[in-house]
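Novice: Residue 200 in my numbering is what sits at position 189 of the sequence shown, and the numbering runs on without skipping anything. Sharing a structure, written as structure tokens. Questions coming.
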Amino acid sequence: MNTTPAFIPVKKKNKQTQKETANHKRKNMEDEDDLPNSLKEYVSDALNRVEEHQIPELEVELNRLIIEAQQQNRLTQIDWNERNLPSICGDIHNPRSAKKQKVKKSQLVDIVLTSEEVKKRELRAMRFQNEEPVPIKPKKKNIVPIFWGGQEEVDVNKVMEGTSHDLEKAYFRLTSAADPTKVRPLAVLRKAFKMLRKKWKEEANYNYICEQFKSMRQDLTVQQIRNEFTVRVYETHARIALEKGDLGEYNQCQTQLKYLYEQGIEGSADEFLAYRILYMIFSQNQSDINAMLEEMCNTNDHSECVRHALMVRSSLAKKNYHRFFRLYEEAPNMGGYLMDQFVDRERIEALIVICKAYKMGLSLSYIATELSFDSIDYLIEFLKQHKLKQAMQYKERILDTKVALPILLKQSEYTRVINL
Numbered sequence: 012m013n014t015t016p017a018f019i020p021v022k023k024k025n026k027q028t029q030k031e032t033a034n035h036k037r038k039n040m041e042d043e044d045d046l047p048n049s050l051k052e053y054v055s056d057a058l059n060r061v062e063e064h065q066i067p068e069l070e071v072e073l074n075r076l077i078i079e080a081q082q083q084n085r086l087t088q089i090d091w092n093e094r095n096l097p098s099i100c101g102d103i104h105n106p107r108s109a110k111k112q113k114v115k116k117s118q119l120v121d122i123v124l125t126s127e128e129v130k131k132r133e134l135r136a137m138r139f140q141n142e143e144p145v146p147i148k149p150k151k152k153n154i155v156p157i158f159w160g161g162q163e164e165v166d167v168n169k170v171m172e173g174t175s176h177d178l179e180k181a182y183f184r185l186t187s188a189a190d191p192t193k194v195r196p197l198a199v200l201r202k203a204f205k206m207l208r209k210k211w212k213e214e215a216n217y218n219y220i221c222e223q224f225k226s227m228r229q230d231l232t233v234q235q236i237r238n239e240f241t242v243r244v245y246e247t248h249a250r251i252a253l254e255k256g257d258l259g260e261y262n263q264c265q266t267q268l269k270y271l272y273e274q275g276i277e278g279s280a281d282e283f284l285a286y287r288i289l290y291m292i293f294s295q296n297q298s299d300i301n302a303m304l305e306e307m308c309n310t311n312d313h314s315e316c317v318r319h320a321l322m323v324r325s326s327l328a329k330k331n332y333h334r335f336f337r338l339y340e341e342a343p344n345m346g347g348y349l350m351d352q353f354v355d356r357e358r359i360e361a362l363i364v365i366c367k368a369y370k371m372g373l374s375l376s377y378i379a380t381e382l383s384f385d386s387i388d389y390l391i392e393f394l395k396q397h398k399l400k401q402a403m404q405y406k407e408r409i410l411d412t413k414v415a416l417p418i419l420l421k422q423s424e425y426t427r428v429i430n431l
């Protein structure tokens, strides 16, 4: 009777067989004829750093490196003697590298703690017991006052007083020292200021008013008049420029006003601080915004207009567009004129968020309310201007969000470019 075993015998490989297999792989990898000698040495060094059971994993890693180098035609260009070994090797430093590993050696000498040394240490420690930490004050940018003409043409130490009695004066850029007979003194400038405010209310001729105010500012500068009247002139010109959307002229006034406020001259500092925050949001000047917030961090008692501007910045930073457009409707003073300069840009960004959230389309009436349009007609005109006519369903008064989204993403690239 033949008896068969109830199991299939499996021959067990002994350790000697495993070592022979590993050594065979090692020899095959080292003896490739088309490999440069430096790469063969690299492979050999890597194999010497791993255990026998790690060789298959190392082989995969080395093959990957070699194939990538061959595909990039860099097999002979790579300096294999300077390349770190694979991470599986543990110590990845290449032993053939000419760059020596930095070995930090302690240069401290053991100090014997004698009674004299202990006394010295106690005295040194006592020096710092009563000292309080010095608070770090945020650095402020030095605002340089505006000079009309070249620096070499204006002597800031020489005070000049004008003698002209003309209330109106055309603005000309100075190319030489100012002529006192063509410069109006402070008393005449006050009369001219009163006249210009009246003319602006009656005629609203911005080109004329802007030229006259620039001429006044020039007369104040060459006579080095820096007082509350100077602040009033710059503030009034800045407000008129905001109303007409002339941000270049407004920014010149704003820069000089910051300098005047820092000299301790009273004025509407909080109002123009709020404008400055909104202007930085418009210009997307994040570094200046951060610097200004750092200056303001020690003060919590802000006026209403400054708090409003800070909330505008916060709402945009958090992409809370619902809150942003409610703040747009509530802008104090002349903040609305500044927000007008970037509200369309944020409407595009808000529409992108809306289109991603509503895949089945959305009513135009809801969008008009949410994005603070006075009526649906104004919204339709806005959508047409931004090439979204094909995304509107006029009968149903619905915006097709799927069609609108790619167009909006492209429009966003253009609206992010600032023309100052």
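Glycine residues also receive a C-beta, built at the ideal position from the N, C-alpha and C atoms.
#1: Which full runs of the alpha helix (DSSP H) of 4+ residues lie inside the region 294-335, going along the chain?
#2: Got a sec, what are the start and stop residues for the alpha helix (DSSP H) L69 sits in?
#3: Would you kindly work out how many angstroms separate the C-alpha atoms of D177 and M206, rounded to a whole number?
#4: Can you name the residues that DSSP bridges to M171?
#5: With C-beta atoms as the reference, is Y286 less than 9 Å away from M322?
#6: With DSSP run on the structure shown, which of helix, strand or coil describes Q263?
#7: Excluding sequence positions up to five away, which residues of its chain have a Cβ less than 7 Å from the Cβ of P2?
#8: Pull up the distance between the alpha-carbon of V165 and that of A188, whole angstroms please.
#9: Give the list of continuous alpha helix (DSSP H) stretches no shorter than 4 residues that lie fully inside the region 216-273.
#10: Give me, in chain order, the residues of the same chain whose beta-carbon lies closer than 8 Å to that of Y182; leave out the 5 immediate sequence neighbours on both sides.
#11: By Cβ distance below 8 Å, which residues in the same chain neighbour M403 in space, the five residues on each side in sequence not counted?
#12: Tell me, please, which residues DSSP counts as bridged to L410.
#13: Following the continuous alpha helix (DSSP H) through L185, name the residue where it begins and the one where it ends.
#14: Terminal residues of the continuous alpha helix (DSSP H) containing A361?
#15: For the alpha helix (DSSP H) containing M350, list its first residue and its last residue.
#16: Would you kindly report the start and end of the unbroken alpha helix (DSSP H) that includes L178?
#17: What does the alpha-carbon distance come out to for the pair A252 and F293?
#18: Does the Cβ of E68 have 16 or more other Cβ atoms within 10 Å, making it buried, or fewer, making it exposed?
#19: Pick helix, strand or coil for R107, following the three-state DSSP scheme.
#20: Using only the alpha-carbon positions, how far apart do E424 and V354 sit?
#21: Could you tell me if L134 is buried or exposed, where buried requires 16 or more neighbouring beta carbons within 10 angstroms of its beta carbon?
#22: Measure the C-alpha to C-alpha separation of V129 and A109 and round it to an integer number of angstroms.
#23: What number of angstroms, rounded off, separates the C-alpha of R337 from the C-alpha of K209?
#24: To the nearest whole angstrom, what separates the beta carbons of C264 and Y290, a pair I think is in contact under 8 Å?
#25: Out of curiosity, what's the CA-to-CA distance linking R7 and K329?
#26: With three or more beta-carbon pairs closer than 8 Å as the criterion, would you say the region 355-363 touches the region 412-420?
#27: For T87, does the three-state DSSP call read helix, strand or coil?
#28: By Cβ distance below 8 Å, which residues in the same chain neighbour R250 in space, the five residues on each side in sequence not counted?
#29: Please state the DSSP three-state secondary structure of P191.
#30: Give the straight-line distance between the Cα atoms of V242 and N311, rounded to the nearest whole angstrom.
#31: Reducing DSSP to helix, strand and coil, say where L394 ends up.
#32: How about Y272 and A280: are their beta carbons less than 9 Å apart?
Specialist: Quick answer:
#1: Secondary structure within the region 294-335: the alpha helix (DSSP H) runs of 4 or more consecutive residues, fully enclosed, are 297-307, 315-328 (chain order).
#2: In the sequence shown, the residue the question calls residue 69 occupies position 58. Looking at the DSSP string, the run of the alpha helix (DSSP H) that includes L69 is 66-82.
#3: Locating residue 177 in the sequence shown gives position 166, where the first residue counts as 1. Locating residue 206 in the sequence shown gives position 195, where the first residue counts as 1. Straight-line Cα distance between these residues: approximately 12 Å.
#4: Taking the first residue of the sequence shown as position 1, residue 171 is located at position 160. Looking at the DSSP assignment, M171 forms no beta bridge with any residue, so it has no partner.
#5: In the sequence shown, residue 286 corresponds to position 275, counting from 1. In the sequence shown, residue 322 corresponds to position 311, counting from 1. No, these two residues do not count as a Cβ contact at 9 Å.
#6: One-based indexing of the sequence shown puts residue 263 at position 252. If DSSP states are grouped into helix, strand and coil, Q263 belongs with the helices.
#7: Past the boundaries of the shown model lies residue 2; the chain is included only from 12 to 431, so the question cannot be answered.
#8: As a working mapping, residue 165 is identified with position 154 in the sequence shown. As a working mapping, residue 188 is identified with position 177 in the sequence shown. Reliability fails at V165, whose pLDDT of 46 lies under 50, so the model's placement of it is uncertain and no value is given.
#9: 217-233, 239-254, 258-273
#10: By one-based count along the sequence shown, residue 182 stands at place 171. Answer for Y182: E222, Q223, K225, S226, Q229, listed in chain order.
#11: Position 392 of the sequence shown, counted from the first residue, corresponds to residue 403. Closer than 8 Å at the Cβ level, and outside the excluded window around M403, lie L375, I391, L394, I409, L410, D411.
#12: In the sequence shown, the residue the question calls residue 410 occupies position 399. DSSP lists L373, M403 as partners of L410.
#13: Within the sequence shown, numbered from 1, the residue matching residue 185 stands at position 174. Taken as a continuous stretch (DSSP letters only), L185 belongs to no alpha helix (DSSP H), as it is neither H nor E.
#14: As a first step, residue 361 is located in the sequence shown; it is residue number 350 there, counting from the start. In the DSSP assignment, A361 falls within the unbroken alpha helix (DSSP H) covering 354-368.
#15: Position 339 of the sequence shown holds residue 350. M350: member of the alpha helix (DSSP H) spanning 346-350, first to last residue.
#16: Residue 178 sits at position 167 when you count from the first residue of the sequence shown. Here L178 belongs to no alpha helix (DSSP H), and DSSP marks it neither H nor E.
#17: Counting from one through the sequence shown, the residue named residue 252 turns up at place 241. Counting from one through the sequence shown, the residue named residue 293 turns up at place 282. Straight-line Cα distance between these residues: approximately 16 Å.
#18: Position 57 of the sequence shown holds residue 68. Exposed, by the Cβ-count rule.
#19: In the sequence shown, the residue the question calls residue 107 occupies position 96. If DSSP states are grouped into helix, strand and coil, R107 belongs with coil.
#20: Counting from 1 along the sequence shown, the entry for residue 424 is found at position 413. Counting from 1 along the sequence shown, the entry for residue 354 is found at position 343. Taking the straight line from one Cα to the other gives about 15 Å.
#21: Taking the sequence shown and counting its residues from 1, the one referred to as residue 134 is at position 123. Classification for L134: exposed.
#22: The residue labelled residue 129 in the question sits at position 118 within the sequence shown. The residue labelled residue 109 in the question sits at position 98 within the sequence shown. Each residue's Cα considered, the two are about 47 Å apart.
#23: Position 326 of the sequence shown, counting from 1, holds the residue named residue 337. Position 198 of the sequence shown, counting from 1, holds the residue named residue 209. When rounded, the distance between both Cα atoms is 34 Å.
#24: Against the sequence shown, residue 264 aligns to sequence position 253. Against the sequence shown, residue 290 aligns to sequence position 279. The Cβ separation is near 11 Å, so there is no contact.
#25: In the structure as shown, the chain starts at 12 and stops at 431, and residue 7 therefore has no counterpart that could be examined.
#26: yes
#27: Position 76 of the sequence shown holds residue 87. The answer is coil: DSSP assigns T87 none of H, G, I, E or B.
#28: Here residue 250 refers to the residue found at position 239 of the sequence shown. Contacts found: M345.
#29: The residue you call residue 191 lines up with position 180 of the sequence shown. Three-state DSSP puts P191 in a helix.
#30: Counting from 1 along the sequence shown, the entry for residue 242 is found at position 231. Counting from 1 along the sequence shown, the entry for residue 311 is found at position 300. Near 25 Å, if we compare the C-alpha coordinates of N311 and V242.
#31: Against the sequence shown, residue 394 aligns to sequence position 383. Helix.
#32: One-based indexing of the sequence shown puts residue 272 at position 261. One-based indexing of the sequence shown puts residue 280 at position 269. A contact, by the Cβ cut-off of 9 Å.
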